[in-house]
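K.L.:
Sharing a structure below in structure tokens format, with a few things to ask.
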Amino acid sequence: MRRLDQEDVGMMDSMRSPVVLVIVYALSFSVAIRGVFGPCVEWCPRTVLWLVFGLQLVLLTWSLFLRHTTRWLSPYFLAQTAIVVFLSWTIRKENMSILFIPLCIQAVMLLSRREGLQWILGFTVVMVVLQFELYGVPMGLASSFTYGAAFLFVGSYSFLLAKERESAQQSHTLLLELRQAYAQLKEHASQAEELAASAERNAIARELHDSATQMLFAISILSKTALMLLDKQPEKLRSHLEQLQQLAQDALSEMRHLIAQLRPGGQSKKGLLPAIQQHVDFLERQHALRVVLEAEDEPALSNEQAHKLFRITQEALNNIIKYAGVEEAFVRLQVDEDKCVLSIEDEGVGFDEEKLTLAEESMGLSSMRERAALMGADFFLSSAPGKGTLIRVTLGYCKKKRV
Numbered sequence: 102m103r104r105l106d107q108e109d110v111g112m113m114d115s116m117r118s119p120v121v122l123v124i125v126y127a128l129s130f131s132v133a134i135r136g137v138f139g140p141c142v143e144w145c146p147r148t149v150l151w152l153v154f155g156l157q158l159v160l161l162t163w164s165l166f167l168r169h170t171t172r173w174l175s176p177y178f179l180a181q182t183a184i185v186v187f188l189s190w191t192i193r194k195e196n197m198s199i200l201f202i203p204l205c206i207q208a209v210m211l212l213s214r215r216e217g218l219q220w221i222l223g224f225t226v227v228m229v230v231l232q233f234e235l236y237g238v239p240m241g242l243a244s245s246f247t248y249g250a251a252f253l254f255v256g257s258y259s260f261l262l263a264k265e266r267e268s269a270q271q272s273h274t275l276l277l278e279l280r281q282a283y284a285q286l287k288e289h290a291s292q293a294e295e296l297a298a299s300a301e302r303n304a305i306a307r308e309l310h311d312s313a314t315q316m317l318f319a320i321s322i323l324s325k326t327a328l329m330l331l332d333k334q335p336e337k338l339r340s341h342l343e344q345l346q347q348l349a350q351d352a353l354s355e356m357r358h359l360i361a362q363l364r365p366g367g368q369s370k371k372g373l374l375p376a377i378q379q380h381v382d383f384l385e386r387q388h389a390l391r392v393v394l395e396a397e398d399e400p401a402l403s404n405e406q407a408h409k410l411f412r413i414t415q416e417a418l419n420n421i422i423k424y425a426g427v428e429e430a431f432v433r434l435q436v437d438e439d440k441c442v443l444s445i446e447d448e449g450v451g452f453d454e455e456k457l458t459l460a461e462e463s464m465g466l467s468s469m470r471e472r473a474a475l476m477g478a479d480f481f482l483s484s485a486p487g488k489g490t491l492i493r494v495t496l497g498y499c500k501k502k503r504v
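Be aware that the sequence shown starts at 102, since it is given in the numbering used here, and climbs by one per residue.
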């Protein structure tokens, strides 16, 4: 016994399509009306014919609208075949073999191709025997060819209808799977974006602790010292106030830098190259680092793509300042017809790629990888102790926009 799977359920739904129902019931009712009101053998009362036709329609309706295991199909086809044989012998003026047509449709739609073909062949054999027995050789042969062709046509049409329904069901299932995969991908992208934002907030917090907070603490100490010197050693107050002023200016510059990191979108909206150039100018003013920017074309990027590439550049240059121990870095932007390549390189101390997990945590490499992945770009990292570090991001399908 085999239970109906999703494909079988789809075939049963095909059986209940308007076209199939009209064909099946039109044939059954037309044959029943002609049979009941037409001539029949004397030994069979018309009440019996009503009951037999009624049973045939009940079985047909039951098979069309109820869902079962496939075990019921063989007894059902045998019972319907017996009804057709009985009606053929009882109502000789009407050819009852036409009732095999709905059975051929059901055999194709509810069974496998092989089993359906076997049942159609069985119906054809019974039909041929009935034609020869009831109408003799010449008429029986002609009727057999006629009904055989009808069985073949109906079976082929039903098979095509079933395959079309199966294809539609598979397309619907695939669509649902694609929607689910898209929802999961969207959720993953949202989580990755949130993780990247969290990593950036942590980096900003570290920057505040390591620089601005320390400067503000020093300002607080110097201001207290200045108050003490005001009463005891006023001649030394000037130097302390000058130090205090310098620290305040440094703290202000550092805070502006951190605010710029928190709000890079406005810069990247001007274009990737202007945003990078503005950040490079700021770094060169604040740190002993010369940045060589090599680019000829401005890539035609969306604001989101420019923003992500800018943040990758910003993070990489900040890492060079903190860890590379060099006075020069290189930023290259190459724009081709089908891609743009952003490279940030230094010739500093580098690091061991085997310890990449620790490096990612301390240098924000995971955040850079996630940003590249979110826009469908390839992220490449190469580094070795004493040989510097290279970060390369390749984004496909970029167009040139002449600067």
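Glycine residues also receive a C-beta, built at the ideal position from the N, C-alpha and C atoms.
Note that the structure is predicted; figures quoted are calculated from it, not measured.
Kindly list the residues whose CB is nearer than 6 Å to the CB of G372, restricted to its own chain and excluding five residues on each side of it in sequence; keep chain order.
P.N.:
Hits under 6 Å: E399.
K.L.:
G497: buried (16+ other C-beta within 10 angstroms of its C-beta) or exposed?
P.N.:
By the 10 Å Cβ count, G497 comes out exposed.
K.L.:
CB G451 to CB V427, shorter than 8 Å?
P.N.:
Taking 8 Å as the Cβ cut-off, G451 and V427 do not qualify as a contacting pair.
K.L.:
Report, in whole angstroms, the separation of the C-beta atoms of E295 and L475, which I expect to be a contact under 8 Å.
P.N.:
Not confirmed; about 11 Å, so no contact.
K.L.:
Compare the Cα-Cα distances from C441 to each of A401, Q387, D447 and report the closest residue.
P.N.:
Comparing Cα positions, the closest option is A401.
K.L.:
Based on the DSSP secondary-structure assignment, which residues constitute the bridge partners of I492?
P.N.:
In the DSSP output, where bridge partners are listed per residue, I492 has I445, L482.
K.L.:
For the segment 220-234 and the segment 278-294, state whether three or more C-beta atom pairs, one from each stretch, are separated by less than 8 Å.
P.N.:
Result no; under three Cβ-Cβ pairs closer than 8 Å.
K.L.:
Let me check one thing: in DSSP terms, what residues is R215 bridge-paired to?
P.N.:
None, per the DSSP bridge assignment.
K.L.:
How long is the line joining the alpha carbons of Q214 and T191, rounded to whole angstroms?
P.N.:
Note that residue 214 is Arg in the sequence shown here, rather than Gln. Each residue's alpha carbon lies about 33 Å from the other.
K.L.:
Is any heavy atom of the ligand COA found at a distance shorter than 7 Å from the C-beta of L122?
P.N.:
By its list of ligands, the structure shown contains no ligand whatsoever, and the ligand COA lies outside what it can speak to.
K.L.:
Indicate the three-state DSSP secondary structure (helix, strand or coil) for A396 in the structure shown.
P.N.:
Three-state result, A396: strand.
K.L.:
If we count the other Cβ atoms within 10 Å of its Cβ and call it buried at 16 or more, is W220 buried or exposed?
P.N.:
Under this definition W220 is a buried residue.
K.L.:
Answer yes if the segment 329-347 comes into contact with the segment 377-393, meaning at least three C-beta pairs across the two stretches below 8 Å, and no otherwise.
P.N.:
At 8 Å Cβ cutoff, the stretches do not touch.
K.L.:
Tell me the DSSP secondary structure of E428 in three-state form.
P.N.:
The answer is coil: DSSP assigns E428 none of H, G, I, E or B.
K.L.:
Taking all protein chains shown into account, do 16 or more other C-beta atoms lie within 10 angstroms of the C-beta of P365, making it buried, or fewer, making it exposed?
P.N.:
Its pLDDT being 49, under 50, P365 is placed unreliably by the model, and the measurement read from it follows with that caveat. Buried.
K.L.:
Let me confirm a value: F411 is counted as buried when at least 16 other C-beta atoms fall within 10 Å, else exposed. Which label applies?
P.N.:
With 16 or more Cβ atoms within 10 Å of its Cβ, F411 is classed as buried.
K.L.:
In this structure, what does DSSP give as the bridge partners for G497?
P.N.:
Answer is K440, bridged to G497.
K.L.:
Just how far apart, CA to CA, sit F201 and Q270?
P.N.:
One C-alpha to the other measures close to 28 Å.
K.L.:
State the Cα-Cα distance for the pair L491 and A263, rounded to the nearest angstrom.
P.N.:
Looking at the two C-alpha atoms, the distance is approximately 59 Å.
K.L.:
Which partner residues does L434 have in the DSSP bridge list?
P.N.:
According to DSSP, which records beta bridges pairwise, L434 is partnered with A396, L443.
K.L.:
In its own chain, which residues sit with a C-beta less than 7 Å from the C-beta of Q334, not counting the 5 before and 5 after it?
P.N.:
The answer is none, since no qualifying residue turns up.
K.L.:
Of the choices T148, H388, P203, whose alpha-carbon is the least far from that of L128?
P.N.:
The shortest Cα separation from L128 among T148, H388, P203 belongs to P203.
K.L.:
Between I413 and V494, how many whole angstroms is the CB-CB distance? I'm expecting something under 8 Å.
P.N.:
That belief holds up - the Cβ atoms of I413 and V494 are roughly 6 Å apart, short of 8 Å.
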